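Protein chains in written order, with our numbering: chain B, 341 to 474; chain P, 397 to 1286.
Heads up, the beta-carbon is just placed ideally off N, CA and C, and yes, glycines get one too.
Note that the structure is predicted; figures quoted are calculated from it, not measured.
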Amino acid sequence: MTTLAQTPDEATTAATWTAVCPLDALVPERGAAALLENPDGAPVQVALFRLLDDEVRAVQQLDPYSGANVMSRGIVGTRGGEPTVAAPVYKQVFALRSGDCLESGGKTPLPGHGAHLATFPVEVRDGVVHVALG
Amino acid sequence: MSSEPPTTTARHLVVVGGGMVAQRFVEAMRARDTAGAWHVSVFAEEPRKPYDRVGLTRYFEVRDPEELTLGDPALWDDPLVTLHRDCKIESIDREAKTVTDRLGRVHHYDELVLATGSNAAMPPIPGNDLPGVYVYRTIDDVAALRGWVEAKREANKVETRRGVVEKPIRGAVIGGGLLGLEAAGALKALGAQATVIEFGTHLMGVQIDLGGGEALKRLINDKGISVRAQTATKEMKPHRRTGHVGRLDFADGGRLDVDVVVVATGVRPRDELARAAGLEVGERGGAVVDLSCRTEDPHVWAIGEVACIEGRCIGLVAPGNTMAEVVVDRLLGGEATFPGADTATKLKLSGVDVASFGDAHGRTEDAVELVWADPLAGVYKKLVMSDDARTLLGGVFVGDAAPYASLRPMLGAELPGDPAAFLLPEGGGAGAPAIELPDDAAVCSCNNVSAGAIRAAVTDHECTDVAGVKACTKAGTTCGACLPLVTKITKTELERAGVEISTALCEHFALSRAQLFDAVRVAELHTFSEIIARFGVVPEGAADPGRGCDICKPVVASILASLGNGHILAGEQATLQDTNDHMLANMQKDGTYSVVPRMPGGEVTPEGLIAVGQVAKDFGLYTKITGGQRIDMFGARVEQLPEIWRRLVDAGFESGHAYGKSLRTVKSCVGSTWCRYGVQDSVGMAVELELRYRGLRSPHKLKLGVSGCARECAEARGKDVGVIATDKGWNVYVGGNGGQTPKHAQLLAEDLSSAELLRAIDRFLMLYIRTADRLQRTAPWVEEYEGGLEAIREVILEDSLGICADLDAAMAKHVEAYEDEWKAVLEDPAKLARFGSFVNAPSTPDPDLAYVPERGQKRPATRDEIAAGAIDPALVGPVLVSGPTLEVRS
Ligand SMILES: Cc1cc2nc3c(=O)[nH]c(=O)nc-3n(C[C@H](O)[C@H](O)[C@H](O)COP(=O)(O)OP(=O)(O)OC[C@H]3O[C@@H](n4cnc5c(N)ncnc54)[C@H](O)[C@@H]3O)c2cc1C
Ligand code: SF4
């Protein structure tokens, strides 16, 4: 089992873990979208990224600058060694671990959206990717 | 009858003549008269706005007077400016301060500016009024000349047993000066033969000495133009049957049969108004003015070629522009005076480099001349220096004008180091010391831009490239001779200002795209991991260069694709692709994609149209015809793409690469197969080109066009490569584009056979792919290529770098290896698996997609429409039962 994101104790206290897919369903250095449900039943779209060393990260699928559900389709890379994803529509660059927007390209997010991406804790248990929601 | 200017507070300034200098005058006045003190009325005899007379010869290439427009056309919409076209002024009444136009209308002026320019001189040779004898001064002149030559060509076609043969058109140009040589080049371009008749001892006698003239003659002969020096024309004789000009008789008894004659023996200032108004005129004509450009009448000024200043009229645009600025300054209360004329000149005849400046004939007392000549190569270079061989007094360059741009501004200054170094081959590059121009050195004489102004454009106006500096200062926008120097100063200044002109791609690669391309090609690397390990930058304190980013990954993807590394979604390459290339479709604003099947040359069968329509209907897609003559279907969800493409591939379509930085389309007109004007099969050629270059990855998207005749219905000159049919073959133009900064493509080569055409385009595209910057389209690439279009022409037509075999092989490899990207995806389950909407629900549509109907189709709902619940759920389109993981056929 690989432990990632926040320490499990901290993350698991308030969250529900959902099994999403086998790790092998994710292509290294490309994203994939997952359609999940919050504990309250509302749908959530999450973008999953598997890095070269099998570290898996999850951020919101909604691109706050275009309003489209596309973050999983951005290019994965690094900035100063930190893993990043570039939004495919207007090319903002986000840190995958923190969700912080590193380069806004002079754009502001759409009304009602923050500049950064929400992140979700991820664990890979027995080859299955789990995401914590809530 | 009288007309008054529309504003009452402004004083009325009348300009007679609507030529180049008048244009500059009005521009300068409107730029500087911020208080609106003057209303300017311009009376132009010609029926059009002032145009670029210096670029007149371009008319043969562009055939559209609009192309010769000068400056910003909005100038003429200014409420303080009135332009009266086709409105010659007939007389001046200095007492009453009025002018009378050809319609008899009288206009009052407060101040009057004469800018009537010159007429082409017509020497009193008997027969000079015969049909077929032309001068070369206005758009109407060149349009008539072209019409005559084309009509003669038609008439010279004779039916023989072997088909239609065209007798050559014999052209003669009387006058071997700058203008005459330009006219001779134009005759050649029109498909006529050309002989230049020069009265003096050698060509361009005003500008260059005998030695230069000899070298020039050799170069001119190489262009297929004959030269007869020391020849006086005695008479022009009519053809017995047609009465058109048919023969020239020379004083030495020689004769020349001709079909057309262009007379370019000089110009006469149009001082008739000044004479009639009793103003003083010079010995050889021209309204006499003082150094403030004022005539003896304090309210009458003269500028441009009509002004006789310092005892002479000057037939160049730069001094005229200076005079315009002087008068504007004076009218606004300034004290400017004419600083003396810069008479530097450069011949604008493609492939013949001639330039001279300063005291080219070495007439200064005790001047010393340094000459470097290579008669075999047709090169002659001379510097005229002061007696101590230090101060530069003038120069002549024939066959290699490269040193001209940097030396001309040094006129009257001391040259650093040994002046001979500037004359050695390679344009004074290698051995010559670098010249640091003083701020007040004039770099662009046409627009009077100093080195200091160019530096200020970078330091004060934050221009970061040559294009910006050109737009900001106008330097290099008229005759273009100074562009190399403008580029050099701009680059030096950018470096000095610490503006990062590092060509590094991004934090991961210190190389430029062109350097990386060569590195990858030479090292024969095939994966991103290898490339970044080998050429990536390891930041300080880090162990490895990282994993690339959205800048370098698509660049590497494009390089690998251009070098032929299999399918773009194969293995690690897939991780480099931008979302469009990754999904082989174009992402739209709501995250869905548009789908464009290839329709080569814009040709499509009725069955094909029906198939496309049926697919769009079945998947609920919005359809639109693109500018590239094909059909775009919008609103396709990721998980629908494979099924849509399965249907399209089955109907015989293939990927249109609308998503790639690659060849998009080859637009064509219907051409000779249907059109009554067409001279070649433009659709056939477009199809051939599109099938040849389909899938070719490049630094930016590529668009081509093919027109079936000079009417240019395919708008090919707005494309990266434009092909226009001629009755002898194809003309090819390069470096055009539409978009934000539209550019017309420039002529690369003429009258090519189909095979020659393919070869020229093959090499042009490959050279571009190898050497352009990331996201640099062909237009700026051509502009920034060292040596410009001329150098590119030498590389691809004359193989000056010896790389043509390599370029040809690379293109052959591309053509050979082409496969349809979509067909390959449909045959490969691993690639198909990428097209699921969600990793845990691959065939579920994105639940947030929302559409509303519009004009019978769907469009994405706005945020307000979604909030108001105005959306139609049915418009999202059908949900697949099978999901994107289609069964794979073999
Ligand atoms: C083919 C060609 C190539 C050239 N190349 C170069 C070059 O490379 N470098 C260079 O420096 N110069 C070049 N020149 C010269 C340059 O074009 C002229 O120096 C420049 O145009 C002079 O400007 P101007 O306004 O004084 O006169 P013009 O541009 O001739 O304008 C005068 C205008 O006034 C009009 N006019 C005259 N009388 C009246 C009247 N009574 N009422 C109303 N309108 C009137 C005329 O019709 C004309 O349109 C070239 C010229 C030609 C023809
Ligand atoms: S460019 Fe010529 S051949 Fe083509 S459609 Fe127009 S007129 Fe016809």
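Item to complete: List the residues of chain B that P935(P) touches, going by C-beta distances under 9 Å, in chain order.
Response: Numbered from its first residue, the second sequence carries residue 935(P) at position 539. The answer, in chain order, is G420, G421.
Discussion item. Can you tell me where the beta strand (DSSP E) holding W697(P) begins and where it ends?
Written reply: Your numbering for residue 697(P) matches position 301 in the second sequence. That run of the beta strand (DSSP E) goes 696-698.
Worksheet item: Short check: CB of V436(P) to CB of T405(P), under 9 Å?
Response: The residue labelled residue 436(P) in the question sits at position 40 within the second sequence. The residue labelled residue 405(P) in the question sits at position 9 within the second sequence. No, Cβ-Cβ distance for V436(P) and T405(P) is not below 9 Å.
Worksheet entry | Buried or exposed (CB count within 10 angstroms, at least 16 for buried), Y1073(P) | Within the second sequence, the letter at position 677 stands for residue 1073(P). So Y1073(P) ends up on the exposed side.
Practice prompt. Tell me whether A672(P) is buried or exposed, calling it buried when 16 or more other Cβ atoms sit within 10 Å of its Cβ.
Written response: For this step, residue 672(P) is matched to residue 276 along the second sequence. The residue in question, A672(P), is exposed, as its Cβ has fewer than 16 Cβ neighbours within 10 Å.
Discussion item. Please tell me whether, using a cut-off of 8 Å, the distance from the CB of V1083(P) to the nearest non-hydrogen atom of ligand 1 is below it.
Written reply: Here residue 1083(P) refers to the residue found at position 687 when the second sequence is read from its first residue. Every heavy atom of ligand 1 is 8 Å or more from the Cβ of V1083(P), so no.
Fill in: Residues sharing a beta bridge with K1063(P), DSSP
Indexing the second sequence from 1 puts residue 1063(P) at position 667. According to DSSP, which records beta bridges pairwise, K1063(P) is partnered with G1101(P).
Fill in: Inter-residue spacing [alpha-carbon to alpha-carbon] between R413(B) and H470(B)
To locate residue 413(B), count along the first sequence from 1; it is residue 73. To locate residue 470(B), count along the first sequence from 1; it is residue 130. Computed Cα separation, rounded: 20 Å.
Worksheet entry | F439(P) CB to nearest heavy atom of ligand 1 below 8 Å | As a working mapping, residue 439(P) is identified with position 43 in the second sequence. Under cutoff, so the answer is yes.
Discussion item. Please list, in chain order, the chain B residues whose beta carbon lies closer than 7 Å to that of F1234(P).
Written reply: To locate residue 1234(P), count along the second sequence from 1; it is residue 838. Those are A373, A374, L375, listed as they occur along chain B.
Worksheet item: Of all the CB atoms in chain P, is at least one closer than 9 Å to the CB of N378(B)?
Response: Position 38 of the first sequence, counting from 1, holds the residue named residue 378(B). Judged by the 9 Å Cβ criterion, N378(B) is not in contact with chain P.
Practice prompt. State whether the segment 1060-1077 of chain P contacts the segment 1029-1047 of chain P, with contact taken as three or more CB pairs (one from each stretch) at a distance under 8 Å.
Written response: no
Discussion item. Taking 9 Å as the threshold (beta carbon to beta carbon), is E369(B) in contact with chain P?
Written reply: The residue labelled residue 369(B) in the question sits at position 29 within the first sequence. So yes, E369(B) belongs to the interface.
Worksheet item: At a cut-off of 8 Å, is E701(P) close to ligand 1 when judged by its beta-carbon and the heavy atoms of the ligand?
Response: In the second sequence, the residue the question calls residue 701(P) occupies position 305. Because some heavy atom of ligand 1 lies under 8 Å away, the Cβ of E701(P) counts as near it: yes.
Worksheet item: Would you report the Cα separation of D429(P) and L728(P), rounded to the nearest angstrom?
Response: As a position in the second sequence, residue 429(P) is number 33, starting the count at 1. As a position in the second sequence, residue 728(P) is number 332, starting the count at 1. C-alpha separation (whole angstroms): 7 Å.
Worksheet item: Buried or exposed: where does V1272(P) fall if 16 or more other Cβ atoms within 10 Å of its Cβ makes it buried?
Response: As a working note, residue 1272(P) is residue 876 in the second sequence. Buried, since its Cβ has 16 or more Cβ neighbours within 10 Å.
Fill in: Where F439(P) sits in the DSSP three-state scheme
Taking the second sequence and counting its residues from 1, the one referred to as residue 439(P) is at position 43. DSSP, reduced to helix, strand and coil, places F439(P) within a strand of the structure shown.
Worksheet item: DSSP on L1222(P), reduced to helix/strand/coil?
Response: Position 826 of the second sequence holds residue 1222(P). DSSP places L1222(P) in helix when its eight states are reduced to three.
Worksheet item: Taking Cβ positions only, does G417(B) come closer than 9 Å to chain P?
Response: Within the first sequence, numbered from 1, the residue matching residue 417(B) stands at position 77. Using a Cβ-Cβ cut-off of 9 Å, G417(B) counts as an interface residue toward chain P, since at least one Cβ of chain P sits closer than that to its own.
Worksheet entry | G414(P) Cβ short of 8 Å to ligand 1 heavy atom set | Looking up residue 414(P) in the second sequence gives position 18. G414(P) Cβ: within cutoff of ligand 1.
Worksheet item: Distance, Cα to Cα, R566(P) vs K584(P)?
Response: On the second sequence, position 170 is the one that residue 566(P) refers to. On the second sequence, position 188 is the one that residue 584(P) refers to. Rounded to the nearest angstrom, the two C-alpha atoms are 10 Å apart.
Item to complete: May I ask you to verify whether the segment 540-557 of chain P touches the segment 648-664 of chain P, counting CB pairs closer than 8 Å and requiring at least 3?
Response: The segment 540-557 of chain P, when compared against the segment 648-664 of chain P, does touch it at the 8 Å Cβ threshold.
Discussion item. Rounded to the nearest angstrom, what separates G454(B) and D440(B) at their Cα positions?
Written reply: By one-based count along the first sequence, residue 454(B) stands at place 114. By one-based count along the first sequence, residue 440(B) stands at place 100. Taking the straight line from one Cα to the other gives about 10 Å.
Worksheet item: When the cut-off is 9 Å and only beta carbons count, does L1331(P) lie next to chain B?
Response: With chain P covering 397 to 1286 only, the question about residue 1331(P) has no answer from this structure.
Worksheet item: Would a C-beta distance cut-off of 9 Å place A372(B) and Q385(B) closer than the cut-off?
Response: Within the first sequence, numbered from 1, the residue matching residue 372(B) stands at position 32. Within the first sequence, numbered from 1, the residue matching residue 385(B) stands at position 45. Going by C-beta atoms, A372(B) is not nearer than 9 Å to Q385(B).
Worksheet entry | Alpha carbon of G823(P) to alpha carbon of G682(P), nearest angstrom | Numbered from 1 along the second sequence, position 427 holds the residue referred to as residue 823(P). Numbered from 1 along the second sequence, position 286 holds the residue referred to as residue 682(P). Because the pLDDT of G823(P) is 40, which lies under 50, any placement of that residue in the model is unreliable, and the number read from its coordinates should be weighed accordingly. If I take the Cα positions, the gap works out to 39 Å.
Practice prompt. Using a Cβ-Cβ cut-off of 9 Å, state whether P950(P) counts as contacting chain B.
Written response: Within the second sequence, residue 950(P) is the residue found at index 554, counting from 1. By this cut-off, P950(P) is an interface position.
Discussion item. Less than 8 Å separating the Cβ of I485(P) from some heavy atom of ligand 1?
Written reply: Sequence index remark: in the second sequence, residue 485(P) carries index 89 (1-based). Within the cutoff, so yes.
Worksheet item: Does the beta-carbon of P1176(P) have 16 or more other beta-carbons within 10 angstroms, so that it is buried, or is it exposed?
Response: For this step, residue 1176(P) is matched to residue 780 along the second sequence. Using a 10 angstroms sphere on the CB of P1176(P), the tally of other CB atoms reaches 16 or more, which defines it as buried.
Worksheet entry | Residues that H504(P) bridges to, as DSSP identifies them | Locating residue 504(P) in the second sequence gives position 108, counting from the first residue. Answer is T494(P).
Worksheet item: When you compare each of K613(P), G500(P), F456(P), L577(P) to A540(P) by their alpha carbons, which one comes out closest?
Response: Here residue 540(P) is taken as the residue at index 144 of the second sequence, counted from 1. The shortest C-alpha separation from A540(P) is found at F456(P).
Worksheet item: Going along the segment 1222-1252 of chain P in order, which residues come within less than 9 Å of chain B, judged by CB to CB distance?
Response: Result list: A1229, R1230, G1232, S1233, F1234, V1235, N1236, A1237, T1240, D1242, P1243, D1244, L1245.
Worksheet entry | 7 Å CB neighbourhood of R542(P) in its chain, flanking five on each side removed | By one-based count along the second sequence, residue 542(P) stands at place 146. So the list reads F456, L586, once near-sequence residues are dropped.
Worksheet entry | Distance cut-off 8 Å: S514(P) Cβ against heavy atoms of ligand 1 | Residue numbering aside, residue 514(P) sits at position 118 when the second sequence is read from its first letter. Yes; taking the cut-off as 8 Å, the Cβ of S514(P) has a heavy atom of ligand 1 nearer than that.
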